[in-house]
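One structure is given here, and the rest of the page talks about it.
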Amino acid sequence: MGERVFKILTGPQWALWVEQGVSLGSPADWRDGFIHFSAAHQVSRTLAKHFDADHRLWLVEADEYCLGMALRWEAASNGQLYPHLYAPFHRWQAIRDWPLARSAAGQWPLPEGLIP
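Numbering (the working numbering), first residue to last: 36 to 151.
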């Protein structure tokens with residue numbers, strides 16, 4: 036197995052992904068030309084930076100090897116390498132997914148033991 040990577044979806048994006056079995060990404064993904072993923076240690080930062088207006092989300096886990104050669108690790112403006120998928124994200128490529136709900140304190144509690 037390779038490194039675990041994570042895609043964060045809004046409720047409507049997740050429902051469409053489940054219904055259709057494939058996601059072409061979010062409007063931000065379309066703009067950038069790839070589907071944004073995060074490594075485990077990047078999920079909390081990604082949630083805080085890009086999902087401030089949301090209250091319910093879905094966290095989807097995949098194995099980098101299952102995503103194949105279409106997954107590339109590329110530097111972001113902060114210098115960190117982020118996983119970017121240059122292909123559709125199929126439901127069968129996911130290992131599991133979890134609903135996320137923002138706490139009253141504005142934090143995103145993550146599944147226990149999943150992310151350091």
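We put the beta carbon where it would ideally sit given N, CA and C, even for glycine. Because the structure is a prediction, the values reported are computed rather than measured.
Local conformation of residue i per DSSP, three classes
{"i": "Tyr-121", "result": "coil"}
{"i": "Ala-105", "result": "helix"}
{"i": "Ala-83", "result": "helix"}
{"i": "Ala-140", "result": "coil"}
Residues that residue i bridges to, as DSSP identifies them
{"i": "Val-40", "result": "Ala-74 and Ala-97"}
{"i": "Leu-135", "result": "Leu-92"}
{"i": "Leu-116", "result": "Ala-110"}
{"i": "Ser-58", "result": "Phe-124"}
Residue i versus residue j - alpha carbon distance
{"i": "Glu-38", "j": "Ala-139", "result": "32 Å"}
{"i": "Leu-120", "j": "Trp-49", "result": "17 Å"}
{"i": "Ile-43", "j": "Asp-64", "result": "12 Å"}
Nearest-angstrom beta carbon gap, residue j and residue i [assumed within contact, 8 Å]
{"i": "Leu-94", "j": "Val-78", "result": "7 Å"}
{"i": "Val-40", "j": "Glu-99", "result": "5 Å"}
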